[in-house]
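Chemist:
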Amino acid sequence: MATDQTTRFVAEAREHLAGMSIPLLSLEKSTDNRDSLLSQLLRSAHSIKGGAGFSGLRKIEELAHAMETAVEKIRDSQSAPPADVIDALLGAFDRIAAMVDDPEHSNEMEISGLVERLSLPAPANTPSKVELARSPRPAEVQSSEFPITDTIRPAPQSDHTQLYGVKLDWFTCERENNLPPTEVAKRLNQAGTIIEARTELLGPYLHEGMPTETLWYRAIISSNLNPKSFANQLDIPSAGIICLTQAPPQPKPTVVAEARPIAATAPNSLRISVSLIDQMMALAGELVLVRNQSLRSGVKSDVSSRRLLRRLDEITNDLQGAALRMRMQPVAALFDRFPRLVRDLARQLNKQIDLRITGAEVELDKTIVELLIDPLTHLVRNCCDHGIESPDIRTRAGKTAAGTINLAATQERGQILITIRDDGRGLDREAIKRKAIEQGIARREELDRMADRQLFDLILRSGFSTASKLTDLSGRGVGMDVVKTNLEQVGGVVEIESEPEHGTLFTLRLPLTLAIVPCLLVTSAGRCYALPQRDVQEIVLLGTGGDRPRIELAHDEEVLRLRGKLVSLVRLCEVLNSRKPSTPHEKMHRVKRLPQNGNAADREYVAIVRVGSQQFGLVLDEVLASEDVVVKPLHAMLRPLSIFAGATILGDGKVSLILSAEGIARQSGVLHPATTEELSLPATISETQAQPHLLFRAGEQELLAIPLREVRRVVTFQRDQIERVGKRDMVNVDGAAINILSLDKLLGLSVCPIRDSMFLILPRNNRAPVGILASEIVDTPAINVKLDESAFRADGITGSAIVKNRITIFIDLNRIVQIWQSVQDLPALPHGATDTAPGRRVLVVEDTQFFQQLVTKYLNSNGFETVLAANGVEGLSRMKEGAFDLVVSDIEMPDMDGLTFAREVRQNPAWAALPMIALTTLNTPESRARAMASGFDAYEVKLDRQTLLKTVNALLATHPPTAITSGGPPNG
Amino acid sequence: MGEIIQAPAATLSFCSFRIGDRLCGIDVLHVREISTQVQSTPVPQAPPMIRGLVNLRSRIHLVADLRPIFDLPSIECTPNSRLIIFKDRLAEGLGVLVDRVGDIVRASAEQIENTPAEADEPSPVADVVSNVCKLENELMLIIDPVKLIAFIEAAIRPSTLRTND
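Order-wise, the sequence lines are chains E and S.
Residue 1 is where the first sequence starts when you use this note's numbering, and the numbers rise one by one after that.
Residue 1001 is where the second sequence starts when you use this note's numbering, and the numbers rise one by one after that.
1. Below 8 Å on the Cβ atoms is my guess for C384 (chain E) versus I353 (chain E); work out the distance and round it to an integer in Å.
2. List, in chain order, every chain E residue whose beta-carbon is nearer than 8 Å to that of T1041 (chain S).
3. For the alpha helix (DSSP H) containing V575 (chain E), name the first residue and the last one.
4. Please report the residue range of the alpha helix (DSSP H) in which R1067 (chain S) lies.
5. Might you give, ordered along the chain, the residues of its own chain that have their beta carbon closer than 6 Å to the beta carbon of A791 (chain E), omitting 5 neighbours on each side?
6. What does the alpha-carbon distance come out to for the pair V873 (chain E) and E12 (chain E)?
7. CA-CA distance, S757 (chain E) and L27 (chain E)?
8. Would you list, in sequence order, the uninterrupted beta strand (DSSP E) runs of no fewer than 3 residues that lie entirely inside the stretch 689-738 of chain E?
9. Given a cut-off of 8 Å, decide if K399 (chain E) and D374 (chain E) are closer than it, judged by their beta-carbon atoms.
10. Using a Cβ-Cβ cut-off of 8 Å, state whether I1058 (chain S) counts as contacting chain E.
11. At a CB-CB cut-off below 8 Å, which residues of chain S make contact with G113 (chain E)?
12. Rounding to the nearest angstrom, what Cα-Cα distance links S304 (chain E) and T1041 (chain S) in this structure?
13. Please report the straight-line C-alpha distance between Q667 (chain E) and N577 (chain E), rounded to a whole angstrom.
14. Could you work out which residue in E:G653, E:M109 and E:V274 is closest to K727 (chain E) when comparing CA atoms only?
15. What is the rounded straight-line gap between the Cα of L1066 (chain S) and the Cα of N382 (chain E)?
16. Drop a sphere of 10 angstroms on the beta-carbon of E710 (chain E), count the other beta-carbons inside from all chains shown, and report buried for 16 or more, exposed for fewer.
17. Count the other CB atoms within 10 Å of the CB of G564 (chain E); is the residue buried (16 or more) or exposed (fewer)?
18. Apart from the five residues just before and just after D734 (chain E), which ones in its own chain have a Cβ nearer than 6 Å to its Cβ?
19. I'd like to know if the stretch 355-370 of chain E and the stretch 746-761 of chain E are in contact, where contact means that at least 3 CB-CB pairs between them fall below 8 Å.
20. Compare the C-beta of N577 (chain E) against all C-beta atoms of chain S and say whether one is closer than 8 Å.
21. Work out the CA separation of T716 (chain E) and N486 (chain E) for me, nearest whole Å.
22. Report the rounded CA-to-CA distance for S568 (chain E) versus E604 (chain E), giving the unit in angstroms.
23. Can you round the beta-carbon distance between G192 (chain E) and I242 (chain E) to whole angstroms, since I take them to be within the 8 Å contact cut?
24. Would you identify the three-state DSSP class for S474 (chain E), choosing helix, strand or coil?
25. Just confirm the distance between the C-beta atoms of D847 (chain E) and I819 (chain E), as a whole number of angstroms; I'd bet it's less than 8 Å.
26. Taking L1083 (chain S) and S1013 (chain S) to be in contact with their CB atoms under 8 Å, please state how far apart those CB atoms are, rounded to whole angstroms.
27. Which residues bound the beta strand (DSSP E) around E776 (chain E)?
28. Report the CB separation of F884 (chain E) from L914 (chain E) in whole angstroms; it is logged as a contact under 8 Å.
29. Closer than 8 Å, CB to CB, is Q1045 (chain S) near chain E or not?
30. So, is the C-beta of S680 (chain E) closer than 8 Å to a C-beta in chain S?
31. Hey, how far is the Cα of L955 (chain E) from the Cα of V888 (chain E)?
32. Please list, in chain order, the chain S residues whose beta carbon lies closer than 9 Å to that of A954 (chain E).
33. Contact check, V1043 (chain S) vs L657 (chain E) under 8 Å by CB: the rounded distance?
34. For K942 (chain E), name the three-state secondary structure that DSSP assigns.
35. In chain order, what residues of the same chain lie with their CB nearer than 6 Å to the CB of A18 (chain E), ignoring the 5 residues before and after it?
36. Note down the Cα distance separating I891 (chain E) from I664 (chain E), rounded to an integer number of angstroms.
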């Protein structure tokens, strides 16, 4: 039921909320720009309140109003608010964020507790009203009185960073402050540079003579002074002053983050859909092509044409550059969540942690920003969890009680560097070596010989963790490899440096943009392909000259000897022709055809390609050139072809395919299976290789497994952190409200007991705010087993197998999330019928509560009246009580299953033609045939709502509605 | 007294074209445009009915070749070859390569028939054709874009590997 209005409100509310989090946190420390922070909070809360009211979202409106009032009280009290007021505000902030994420149900949510906490009486030191009245009151002024446009900026060629709005009444200045207009003017000019000024003269005044009562003057003045100093400098007691900009960052170490202009006050930004930007990029690309063609075709030598072409060239480059920059987002979008995260973690862990952020204005491609959220979060949590020590350990070691985390972004020669530095205890080399030996990764001698950099790289492997305690994810080893894989996806690398007792430094190197990737243009069999340069380590030219490397044979495979090491080879032309990995027989066949001596004309290139930590060689016909290529996603239908990473348009306008090193490696099998666990695998499973899985329990009875690559995080939470919001159970995870999904209802498994400490499994490929409830995390083994798909059948279960002598059920996490989402997408029960099927009655026979709800909700929202029965017996009773137009029935039910039910129904001549649809999770030809034989007219698999509706309508179209009868059909 | 004038039966319009000598049609409401840009970049490993990828105004489109469906060998493009592009809401960037394009054919509902369900053996043609239209001299096979897309997707999905969404 989300209307356009609501969607707009949600988008705007999210922006306001984003701009509120730093001011809220800054309130705890006293800063000089307190006033402007408070004003910003008020403005944001006020806007949310207004927008919510307009959209009929009463609870959001009420809570925003309570926040507004609370902030006003803080403003009036002039002192730093106590911690529980801040906590109440943060709690309200979280709740509003959760409600904004689910506006349709927000009006049902409970907010009275929060409202109460927010309406606690103001702190005792509010100056009494009486005192205020004594001193000459400065004029009341609001920022809305000063329209800020693009052209208004602090004075150029000055170090002015502040804009103030000054409002005064000339008469009052003279009367009360003893300042004649000339003196006032002098002081105004001394306070700063006047950007704009206006005196309010209304028409009738002049008509009757000069005004005698009040003559308002408003000016916008730029200055480099902070508000207090500015007011002192101006020295006009009756003038009202308001700060129109954010104050610059204070050098104090307690400041949480650099302040920066917020979207709410800057009217010169727009929300634009990404597809429009992509369109612009494409058009800019087309223009480049046209330019290239015109450069090639018209080699006119006259000056004016050349000048025109040059001009066209310049403009085209500028346009392309501008289009690229449109996709850039300031890194602040990424960093903003950390002050809150660090604050909460520090409180949780009883540590003192200072977070300093610099370079938040550095810009990154939007897609990269998205992919960095998880890795950065993990690294920051690590710093707080394991890096920074508790205050007494620190003081004993002679450090400051509060640890510091420095989060910085800088640009360096076409790369973006993001660094996370802490001054904590540093990485424990011994612990890493011990763990590596334990996991069989390397031997003691090798480890001792390793340089620090190599040693620290081990941390990034999947399954590796040196933490002794079980914390969120650091203790599970699930986290660090996320950092590595996400980064590799965008072509970035992570470097680790550490000094014991001094701290650790993580450096993330990222390309400026993903949209354009430097590639090598290569040919094979006469066709041109693009190979991303980040995959290529070096290019080797083969040949017959004495010192040129040659292809050799080793174990029936082609290899290249490169500086003493043997590199396995793959021929690109062969990869492109076949689909299945080459069998040993095929390889042998190929090798036999190799000319033993190399022909003089046979010039071939081998690109040494890197995948993960391994290499192989790709044999090419030619390497044409190196080019920056605009990456376009591969056509959706071609996704199964894993050897291609995308497509691009070359200079001649033709499409060229971009190769994927990983895909080629996988298909050709050139890298040995034993080591392919190191590859960061995207979607396709190969059933012959062992995959790491997360083994866990929800209910007592079953052991469950999910492939680790589908898992983003495993979160621990306490029983008392569960919040009931509306009809749902949720938990706050790092400031986001996550819904708790219990598998028992969905998959018919045993119920998960609620203990003091529970786990939530968050899906990787889906950003839906939902997590699977688990009572116990057992292990993360690598499993290589064939799944039995017949024993346990349900939508969301991929199969079962015996793992470590226990029956284990394998869960399809993505499917489960999809199912959850489809339930959420259903509109609430409507009131009144729609126009599709007036008054048609449908009998729904289903025993699982979850599907009962799902199906009836869906049918109701399409105008059908539904009656529910929990099994075949009840179904028959309902049918005797009243007429139905259609029956939808499950197959597997207690007491009387669907097949028997259908047969019973068909026995009755009155119901012989009644449309009946079987709705079930079983999807095999045999079950389908059996259902049809029992008398069903149609067979639908659960939860494909579109086809269900189609079938329902199709069946009803051929059957006229049954008359609403009194009494049932004749006995049968 | 007056005559009751019947509104004409609903007419459908089809974009007609030839594959080899077979006459086919696509509902005009499904067609976004017809392009002369027929040269495409082949995609290795794709089944024969995927001719390749083509650049149309900076968007990459997939070109489907219907000849294999009719058991005809693929041929080089001729000056008469055209690309019929489907509307975006049906399929993202998908077009069909045809040997020559004909006129717009208007047909009334009576001329349209469902393809007979009792085919002797499943044929690929039945997999992409939903209706036939009876014309004076010939039968025009109406290509169903939804079925065509499903057919292509099934052909490309490897049967041995499982793909996760």
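Glycine residues also receive a C-beta, built at the ideal position from the N, C-alpha and C atoms.
Modeler: The answer reads as follows:
1. 6 Å
2. R527, K654, V655, S656 and L657
3. L572 to N577
4. It is not in any alpha helix (DSSP H) - R1067 (chain S) carries neither H nor E in the DSSP assignment.
5. S800
6. 52 Å
7. 32 Å
8. Listed in chain order, they are 691-697, 703-707, 711-718, 723-725 and 728-733.
9. no
10. It is worth fixing the name first, because residue 1058 (chain S) is Ser in this sequence and not Ile. Chain E contact via Cβ: present.
11. In chain order: nothing, as chain S lies at least about 41 Å away.
12. 37 Å
13. 11 Å
14. E:M109
15. Looking at the two C-alpha atoms, the distance is approximately 56 Å.
16. buried
17. Exposed, since its Cβ has fewer than 16 Cβ neighbours within 10 Å.
18. L341
19. no
20. yes
21. When rounded, the distance between both Cα atoms is 23 Å.
22. 15 Å
23. For a cut-off of 8 Å, the C-beta gap from G192 (chain E) to I242 (chain E) is around 14 Å, too long to register as a contact.
24. Because the pLDDT of S474 (chain E) is 41, which lies under 50, any placement of that residue in the model is unreliable, and the number read from its coordinates should be weighed accordingly. Reduced to three states, the DSSP call for S474 (chain E) is helix.
25. So it is not a contact: roughly 18 Å between Cβ atoms.
26. Approximately 19 Å separates the beta-carbon atoms of L1083 (chain S) and S1013 (chain S); this is outside 8 Å, ruling out the contact.
27. E776 to D779
28. 7 Å
29. yes
30. Legend: pLDDT at S680 (chain E) = 31, less than 50; position of this residue unreliable, value from coordinates given subsequently. Not an interface residue.
31. 12 Å
32. Those do not exist, as A954 (chain E) stays about 13 Å from chain S at its closest Cβ, beyond 9 Å.
33. 7 Å
34. Correct three-state label for K942 (chain E): coil.
35. none
36. For I891 (chain E) and I664 (chain E), the gap between their C-alpha atoms comes out near 45 Å.
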